[in-house]
Amino acid sequence: MAKKRRAVPGIHPYDGPAGGWGALKATAIAVRTQMDNLTAPATLLRTNQPDGFDCPGCAWPDKEQHSTFQFCENGAKAVTWEATSKRVKPEFLAQNTVTSLLQKSDYELENFGRLTHPLVYDSETDTLRPVEWETAFNRIAEVLQGLQSPDEAEFYTSGRASNEAAYMFQLFAREYGTNNFPDCSNMCHEATSVGLPFSIGIGKGTVSLDDFDETELVISMGHNPGTNHPRMMGTLHELAKKNVPIVVLNPLRERALERFADPQNVIEMATYSSTDIASNYFQVRAGGDAAALKGIIKALLQLEQLKGDVLDKDFIAAHTQGFEALSADIDATDWAEIEKESGLLRQNLEQIAELYAKSKATIVTYGMGITQHNKGTANVRLIADLLLMRGNMGKPGAGICPLRGHSNVQGNRTVGITEKPSAAFLEKIEQVFGFIPPKKHGHDAVKAMQAMVEGTAKVLICLGGNLAVALPDPEKCFPAMKTLDLSVHVGTKLNRSHLLVAKETYILPCLGRTELDLQASGRQSVTVEDSMSMVHASSGKLKPASDMLLSEPAIVAGMAKATLPDSKVPWMELVANYSIVRDLIEKTVPGFDNYNERIATPGGFRMPLPPTERKWTTASGKAMFSVFEGVNEDTLVEGDDVLRMITLRSHDQYNTTIYALDDRYRGVFGRRDILFMSDADLDKRGLEHGDLVDIETMVAGSSLRLENMTVIAYNIAPGSVGAYYPEANILIPLDYIDKQSGTPSYKSVPVRVTRHAG
Ligand SMILES: Nc1nc2c(c(=O)[nH]1)N[C@H]1C(S)=C(S)[C@@H](COP(=O)(O)OP(=O)(O)OC[C@H]3O[C@@H](n4cnc5c(=O)[nH]c(N)nc54)[C@H](O)[C@@H]3O)O[C@H]1N2
Ligand SMILES: Nc1nc2c(c(=O)[nH]1)N[C@H]1C(S)=C(S)[C@@H](COP(=O)(O)OP(=O)(O)OC[C@H]3O[C@@H](n4cnc5c(=O)[nH]c(N)nc54)[C@H](O)[C@@H]3O)O[C@H]1N2
Ligand SMILES: [Mo]
1 MAKKRRAVPG IHPYDGPAGG WGALKATAIA VRTQMDNLTA PATLLRTNQP DGFDCPGCAW
61 PDKEQHSTFQ FCENGAKAVT WEATSKRVKP EFLAQNTVTS LLQKSDYELE NFGRLTHPLV
121 YDSETDTLRP VEWETAFNRI AEVLQGLQSP DEAEFYTSGR ASNEAAYMFQ LFAREYGTNN
181 FPDCSNMCHE ATSVGLPFSI GIGKGTVSLD DFDETELVIS MGHNPGTNHP RMMGTLHELA
241 KKNVPIVVLN PLRERALERF ADPQNVIEMA TYSSTDIASN YFQVRAGGDA AALKGIIKAL
301 LQLEQLKGDV LDKDFIAAHT QGFEALSADI DATDWAEIEK ESGLLRQNLE QIAELYAKSK
361 ATIVTYGMGI TQHNKGTANV RLIADLLLMR GNMGKPGAGI CPLRGHSNVQ GNRTVGITEK
421 PSAAFLEKIE QVFGFIPPKK HGHDAVKAMQ AMVEGTAKVL ICLGGNLAVA LPDPEKCFPA
481 MKTLDLSVHV GTKLNRSHLL VAKETYILPC LGRTELDLQA SGRQSVTVED SMSMVHASSG
541 KLKPASDMLL SEPAIVAGMA KATLPDSKVP WMELVANYSI VRDLIEKTVP GFDNYNERIA
601 TPGGFRMPLP PTERKWTTAS GKAMFSVFEG VNEDTLVEGD DVLRMITLRS HDQYNTTIYA
661 LDDRYRGVFG RRDILFMSDA DLDKRGLEHG DLVDIETMVA GSSLRLENMT VIAYNIAPGS
721 VGAYYPEANI LIPLDYIDKQ SGTPSYKSVP VRVTRHAG
């Protein structure tokens, strides 16, 4: 029975389903506070339409691009936030010093509105003031040309950039001479990009939306679609209505995975009813997924012994290698360890194995709850193992479905944003452009920041994003930004990374997705690739936020042309007509044949995915099983009072952009200084709902603390606690990463929680 608890300001349990009228109301508020009411409806209706723009919210695909507008609260927030009528004018910047602006939150900074002029930092007045585009480009060029080595520069990409902008950015940096491409993917799905190529030959998901029509079972691990991929809720809602089992593994009870009212369903809206989403909800311990997966696999092997027709033996024989090693390791892993580490009972895992054995076509979907761990890459590979055991790759209704983050993060990777380029890609660049790109591998996001901390990196150029705030350990990252010789930020709105000014800093405002992009040859479209490898066009119609804005391709070209006077790339021709960029992509990256022609079709085209045809482009030519040694997420730290902290996105947030201070479905309103803890863990520590606590990181050699947080009782797996990203990044050591992929372990920080001493 629920305990009687004291009232805590801003904490009110939310009893309704996710979606429903609350979502419509929240959308109306977003529109009212950011846009004028005349343009908003038309703009929102152009989201994900054939002649419209791609939603900047998430990378979930759309089914019938030409006919439906899929209502999405958080998509609408992302669109209205960009298409806001608020502006950051030069007069405002003249009156507010950078030091004073840096005291503001990223929310307040972004809420000042869109940037209107290219800006330079003036250290004498400590303000940002307008600068001519040409002056900025020339000065950036001078500093880059003056470096001792091109490897002293870092070129960061956040996943909103289009294929065209990202391709030009990597071309610029490679012709300049470095492979230093930190990108947001390094903090996100890198475990997928690194792990899946070993398993199935390609670092991408294998399912399409059609597969969801035919699937018989969905296992959803470590993602929160009600908030982060809301359009996916339509798909899950349909499946639940058809009684397709949806098994959820998540330490928190996320409301949208429990119950959802589809705003597109007239009956549910009219009757205030909703649909149960998860058929089975298991609250795995944070970082316990490997143990859980090993348990499911163990139970499956036992079923096979019992019944004999559980594994797809023909598939395993014809298409895979390494099954014996996997099953030997699973035999050697005992149930006691599995139960302890996963926090789940053997019966729970056997139940999942039985559902899995019954299903003829299974999809596993997963997100940051799987990848942002010390062993994120190994976690991803275990998911592939589970699927391969029953041949759930390359058949309708089955496959692996990583939920990508930023709307074009997958596309950025495809067109060459990687610090570890393949030899084949570099050869093509050399052939097509006639310069020799560098071969030495470059820096990922953590390594780039470490180089900045050590002082070996001198210049940072960011194509979007908020790098210093997104990375762990601001106490290290923030000062490092200020020691750079030069920082350059291409962005739409101010954020704290922009304001951590270096010796010289330029902020270059660009067009957003929703805006009309007119170049010499007329209105331009850009292209993006969604989570399911569909590439399609996106073009905005809104009048740009200011006459002074340039498009991302134009800004990249401006910097490149100034930096590389003898460049082999006709930069200004590319800016005049983005089809030429696409022709160059077609010539250098496989899979883009007839690129320009094929994006003319509504919905675009799908990139090649060999596993869907049971072709495995691994070293052995087979799909490869893996071995996850032991069950442990981290062996570094243990101790009875050590908890694993998960850092979470709220419902009113887009990464480092906080739209408002509410997290409706989790029952938190007007505040973010919260630590979610189970009743069992509260009791163990003699704490009560609403107490003030201090949190201390328990990684050897670190002394990170966050004080004065309010602990609240929450339905979260014992042993795990939750806090908000980015506030809790202060507790994460910069080098606490998955060694294989370099991804920070944002979801498994070992912490100790004590009553606030003060
Ligand atoms: N509105 C909105 N949309 C977004 C974003 C946004 O910030 N706001 N961000 C975009 C980006 S860049 C990304 S990467 C995606 C992120 O989308 P998600 O992958 O959904 O990311 P998180 O919000 O970090 O949530 C992770 C979920 O994993 C669970 N979890 C945490 N640790 C574990 C664990 O150890 N095991 C398991 N099984 N589960 C765990 C948490 O309880 C939570 O439900 O969304 C994209 N879309
Ligand atoms: N603790 C913790 N930390 C995390 C995570 C976590 O779960 N927990 N998640 C990680 C993940 S998954 C990711 S992807 C990273 C995100 O890291 P980033 O991608 O670096 O961060 P964002 O907050 O998405 O970047 C927001 C900024 O992008 C700019 N912007 C917006 N639209 C555009 C545009 O159209 N063009 C350009 N050029 N700029 C634009 C705006 O200036 C805005 O301030 O954070 C990571 N950090
Ligand atoms: Mo992400």
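Just so you know, the sequence shown maps onto residues 1 to 758 in UniProt numbering. All C-beta atoms, glycine included, are put in the ideal place defined by N, C-alpha and C. Keep in mind that this is a model prediction, so the values were computed, not measured.
In terms of side-chain proximity, the C-beta atom of C184 is found nearer than 7 Å to a non-hydrogen atom of ligand 3. Residue pairing of R87 in beta bridges, as defined by DSSP: R114. In the three-state scheme derived from DSSP, where H, G and I count as helix and E and B as strand, Q519 is classed as strand. Exclusion of the five residues before and after P61 leaves L209, D530, S531, M532, M534 as the residues of its chain whose Cβ lies within less than 7 Å of its Cβ.
In the DSSP assignment, P130 forms a beta bridge with L119. Shown here, S551 sits in coil according to DSSP, grouped into three states, outside any helix or strand. In this structure the stretch 372 to 384 does not touch the stretch 404 to 421; the number of beta carbon pairs closer than 8 Å is below three. A buried status is given to T414, since no fewer than 16 other beta-carbon atoms sit within 10 Å of its beta-carbon.
Put simply, of R390, E504, V526, M698 the residue whose alpha carbon is nearest the alpha carbon of T514 is V526.
Secondary-structure assignment with DSSP links S579 through no beta bridge to anything.
Annotation for A332: no alpha helix (DSSP H) segment contains it, and DSSP assigns it neither H nor E.
Here the alpha carbon of A76 sits roughly 16 Å from the alpha carbon of N111. Each residue's CA atom was taken as its position, placing L692 and A723 some 14 Å apart. Within the same chain, Cβ atoms closer than 7 Å to the Cβ of L300 are found at V310, A353, Y356, A357, M389, the five residues on either side in sequence being excluded. Taking all protein chains in view, the Cβ of I267 is surrounded by fewer than 16 other Cβ atoms within 10 Å, so the residue is classified as exposed. For E238, the closest C-alpha among the options A278, A378, G603 is that of A278. For G722, DSSP records a beta bridge to I646, F676.
In the DSSP assignment, T710 falls within the beta strand (DSSP E) that extends over 705 to 713.
Taking C-beta separations shorter than 7 Å and ignoring five residues to either side along the sequence, the partners of D444 in its chain run P182, N186, E419, G742, following chain order.
Contact between A728 and M645 holds, with the beta-carbon distance rounding to 7 Å and staying under 8 Å.
Beta-bridge partners assigned by DSSP to V248: S220, Y281. Shown here for D106: same chain residues with a beta carbon closer than 7 Å to its own, the five before and five after excluded, namely N466, V469, N495, R496, T656, T657, I658 in chain order. The alpha carbon of R685 has as its nearest neighbour, out of V642, S702, A457, N715, the alpha carbon of V642. In this structure, DSSP gives Q524 a state outside helix and strand, which the three-state scheme calls coil.
Non-local beta-carbon contacts of G201 in its own chain, meaning distances under 7 Å to residues more than five positions away in sequence, involve P610, P611, W616, T617, T618 in chain order.
Nearest Cα to M269 within the set L518, H12, A378, L24: L24. D681 sits in a helix when the DSSP states are folded into three classes. Minimum Cα-Cα distance from S359 among the listed residues S342, P13, V218, I695 corresponds to V218.
Look at R649: its beta carbon is less than 7 Å from one of the heavy atoms in ligand 1.
Between ligand 3 and C188, a heavy atom-to-CB distance of less than 7 Å is present.
DSSP links G399 through a beta bridge to I363. Distances from the alpha-carbon of P553 to those of K541, P544, S546, E573 put E573 closest. When distances are taken from the beta-carbon of P744 to the heavy atoms of ligand 1, even the shortest one reaches 7 Å or more. Around the C-beta of Q305, fewer than 16 other C-beta atoms lie within 10 Å, and the residue is accordingly described as exposed.
Residue pairing from DSSP places Q653 in a beta bridge opposite I658. The C-alpha of K375 is placed about 26 Å away from the C-alpha of Q302.
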